[in-house]
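Asks:
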Amino acid sequence: MKKDEVPQDGCKTYSGHKKLIYAVGEEGHYEGVKSSGWEVEGFATEMAVSALDSQLEQAKAEYIKGDVSPIAYYIPLFRFDLMSLAHATGFFQWQIKRHMTCDIFNKLSDKKLQKYSDVFNISLTELKKPEIES
Amino acid sequence: MNAIENPIVHRQSSHCESGVVANMLNSQGFELSEPMVFGLSAALTFVYLPMVKVGGLPLIAYRMPPKSIISSVCKKLGVKVTSQKFKNEDEGMAALDKALSEGKLVGLQTSVYWLPYFPEDMRFQFNAHNLMVYGKNEQGDYLISDPVFENVVTCTAESLKQARFAKGMLAAKGLMYVMDKPEMQVELEEQIKKSIKKTAKMMSGLVLPFFGIKGINHLAKKIDKLEKVSEQEAGMFLSNIVRMQEEIGTGGAGFRFMYASFLDEASQLLNDSSLHEISQYTTEVGDLWREFAMQAVLYCKKRKNVSLKDVSNSLRVCAERETILRSKLLSWSKG
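Line by line, the protein sequences are chains R and Y.
Take the first sequence: its letter number 76 is residue 771 in my numbering, and every next letter is one higher.
Take the second sequence: its letter number 147 is residue 262 in my numbering, and every next letter is one higher.
(1) Comparing alpha-carbon positions, which option in Gly170(Y), Lys309(Y), Asn242(Y) and Tyr228(Y) lies nearest Ala451(Y)?
(2) Locate the alpha helix (DSSP H) running through Gln395(Y), then write down its first and last residues.
(3) Would you mind telling me which residues of chain R sit closer than 7 Å to Gly350(Y), beta carbon to beta carbon, in chain order?
(4) Inspect the CB distances between the segment 796 to 809 of chain R and the segment 177 to 195 of chain Y and report whether three or more fall short of 8 Å.
(5) Comparing C-alpha positions only, which one of Phe815(R), Lys713(R) and Lys698(R) sits nearest to Ser226(Y)?
(6) Output, in sequence order along the chain, the residues in the segment 267 to 295 of chain Y whose CB is closer than 7 Å to any CB in chain R.
(7) Taking beta-carbon pairs under 9 Å, can you tell me which members of the segment 413 to 432 of chain Y lie near chain R?
(8) Have a look at Leu192(Y), Gln347(Y), Ser187(Y) and Lys419(Y) and flag the residue whose alpha-carbon is nearest the alpha-carbon of Leu303(Y).
(9) From which residue to which residue does the alpha helix (DSSP H) around Arg178(Y) run?
(10) State whether the segment 394 to 402 of chain Y contacts the segment 291 to 307 of chain Y, with contact taken as three or more CB pairs (one from each stretch) at a distance under 8 Å.
(11) Just the chain Y side, please: which residues come within less than 7 Å of Trp733(R) by C-beta, in chain order?
(12) Under 8 Å between the Cβ atoms of Phe145(Y) and Tyr717(R)?
(13) Tell me the start and end of each unbroken beta strand (DSSP E) in the segment 758 to 828 of chain R that is at least 3 residues and wholly inside, in chain order.
(14) When we look at the beta-carbon of Gln224(Y) and count the other beta-carbons within 10 Å, is it buried (16 or more) or exposed?
(15) Here's a check: name, in chain order, each residue in its chain whose Cβ is nearer than 7 Å to the Cβ of Cys451(Y), leaving out the five neighbours to either side.
(16) In the DSSP assignment, find the unbroken alpha helix (DSSP H) run with Gln199(Y) in it and report its ends.
(17) Measuring alpha carbon to alpha carbon, tell me which of Ala214(Y), Phe377(Y), Ala210(Y) and Val152(Y) ends up nearest Ser187(Y).
(18) Let me confirm a value: Asn203(Y) is counted as buried when at least 16 other C-beta atoms fall within 10 Å, else exposed. Which label applies?
(19) Could you tell me if Lys340(Y) is buried or exposed, where buried requires 16 or more neighbouring beta carbons within 10 angstroms of its beta carbon?
(20) Give every residue of the same chain whose Cβ lies closer than 7 Å to the Cβ of Thr314(Y), excluding the five residues on either side of it in the sequence, and list them in chain order.
(21) Any beta carbon from chain R within less than 8 Å of Thr398(Y)'s own beta carbon?
(22) Let me check understanding here. Comparing Cα to Cα, which of Asn386(Y), Ser427(Y), Ile439(Y) and Glu120(Y) lies closest to Val248(Y)?
(23) With distances taken Cα to Cα, identify the nearest neighbour of His782(R) among Glu206(Y), Ser274(Y) and Met284(Y).
(24) Can you find a C-beta in chain Y that's less than 8 Å from the C-beta of Glu752(R)?
(25) In angstroms, rounded to a whole number, what distance separates the CA positions of Ile356(Y) and Glu217(Y)?
(26) Whose C-alpha, out of Ile393(Y), Gln199(Y) and Ser422(Y), is nearest the C-alpha of Ile441(Y)?
(27) Give, in chain order, every unbroken run of the beta strand (DSSP E) that is at least 3 residues long and sits entirely within the segment 244 to 307 of chain Y.
(28) Which one or two residues does DSSP pair with Ala718(R) in a beta bridge?
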């Protein structure tokens, strides 16, 4: 890629930041060039972000309906998935799945809930009763 | 509280780990560019691990695992690195303060998610980010040179602690590292040759089909098989590859441009025009990776004229060219 071909597409996912890309300058040698984003990359990022957003919307709706526990809502909110949350909390994935149901969640000890609070960096009160922004 | 500000050179970099190493060396008077750090550490590779899932999608990487750049470069330069992990969070923060008050520059491994200065869309649960702390202001906020940002930033003690001690995969456990002052005399020529040879050897892949050129071809096969899943699922799979290649601080084309830049710099240092030709060839390879990313995204946008076969074929072209690149690098390193 030549220096003048470095994309400057002003990707909104960059929030005004610029990244450093290496490209070939006029003399035929490499230099660092700042880029405001490449549309191709931005599209891929937005796809991932919107997938997370729709997961969160779904979890929010299910939580409000009372179908799932707050854990199910917090997982997409903090951009976790079952595997990363299992690694972070020390629970098995099947345990987390159980904790996502209201019945099981309501019976959990504060000691177990504290593990989730620590990982999400929120208080036990918030964990038990999320304040949902509409 | 007394403010501390240790002198640094902050240069924006493409990648966090090579950037921290380069900035740490430069700050201590040892001039070395980020691409030179990356090339010397022989960090260029390709990995596709279908069984390791990140956010439900397979792990794809274009470089060696975290921490390999710092350890390998410092070994080559004969620079001593002292690193520490902590069980207790407050001890970890106290050790950071102590090192700063001794005038040291401190490298940290952190999570990306808990760093408040990251843009919203780039915050995700990834625990192997690297940054350098160079002081503390009167409010008790840390002064940070985060190499992927244009300018230096600050971060509250609370957030930095959270980021250092985030649990999970690749958890940093408060890892901090300091570098001894580098020796000024290092024979780079020999080290460049060794590292190019190592990179070339790794490119062919190991016995398993997940690494190097074998890994690229394996991924191409997997893309063909996406015919059987929904367009949505295929799209998520492809956009994940594009993100790993372009979004995650690679300097473009999954580190291929940074490596070409290293070869270019090495050719000038060694006054070797054949190495410059290989650099140009690597640029072409990088351009083909960008072409592949473009095809993948065109498929995601449901452009009728781009099929999964087109996408996988453009990846196979990368594999073919990397095979040629490998033999060029190998024969140069033997010359």
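For each residue, glycine too, the CB sits at the ideal point set by N, CA and C.
Replies: Working from what's here:
(1) The structure shown does not extend to residue 451(Y), since chain Y is modelled only from 116 through 450, so no value can be given for it.
(2) Start and end: Ser388 to Cys415.
(3) Neighbours of Gly350(Y) on chain R, chain order: Met742.
(4) Counting Cβ pairs under 8 Å, fewer than three are found: no touch.
(5) Of the listed residues, the one whose Cα sits closest to Ser226(Y) is Phe815(R).
(6) Cβ proximity to chain R below 7 Å picks out Gln277, Lys282, Gly283 and Met284 from the segment 267 to 295 of chain Y.
(7) Taken in chain order, the members of the segment 413 to 432 of chain Y whose beta-carbon sits within less than 9 Å of a beta-carbon on chain R are Leu413, Cys415 and Lys416.
(8) Leu303(Y) has its Cα closest to that of Leu192(Y), out of Leu192(Y), Gln347(Y), Ser187(Y) and Lys419(Y).
(9) Unbroken run through Arg178(Y) is the beta strand (DSSP E), Leu172 to Arg178; no alpha helix (DSSP H).
(10) Cβ pair count under 8 Å is below three, so no.
(11) Going along chain Y in sequence order, the residues near Trp733(R) (Cβ under 7 Å) are Glu361.
(12) Using a Cβ distance threshold of 8 Å, Phe145(Y) and Tyr717(R) do not count as a contacting pair.
(13) Counting only runs of 3 or more, we get nothing.
(14) A residue is called buried once 16 or more other Cβ atoms fall within 10 Å of its Cβ, and Gln224(Y) is buried on that count.
(15) Because residue 451(Y) is not part of the residues shown, which for chain Y are 116 to 450, the question remains open.
(16) Here Gln199(Y) belongs to no alpha helix (DSSP H); instead the beta strand (DSSP E) covers Val196 to Gln199.
(17) Comparing Cα positions, the closest option is Val152(Y).
(18) So Asn203(Y) counts as exposed.
(19) Looking at its Cβ environment, which holds fewer than 16 other Cβ atoms inside 10 Å, Lys340(Y) is exposed.
(20) So the qualifying residues of the chain are Ala157, Leu159 and Leu444.
(21) Yes - at least one Cβ of chain R is within 8 Å of the one on Thr398(Y).
(22) Comparing Cα-Cα distances from Val248(Y) to each of Asn386(Y), Ser427(Y), Ile439(Y) and Glu120(Y), the minimum goes to Glu120(Y).
(23) Closest by alpha carbon: Met284(Y).
(24) Chain Y contact via Cβ: absent.
(25) It is roughly 43 Å from the alpha-carbon of Ile356(Y) to the alpha-carbon of Glu217(Y).
(26) Sequence check: residue 441(Y) is Arg here, not Ile. Minimum Cα distance to Arg441(Y) is reached at Ile393(Y).
(27) For the segment 244 to 307 of chain Y, whole beta strand (DSSP E) runs of length 3 or above, ordered along the chain, are 244 to 251, 257 to 260, 268 to 270 and 291 to 294.
(28) According to DSSP, residue pairing for Ala718(R) in a beta bridge involves Glu726(R).
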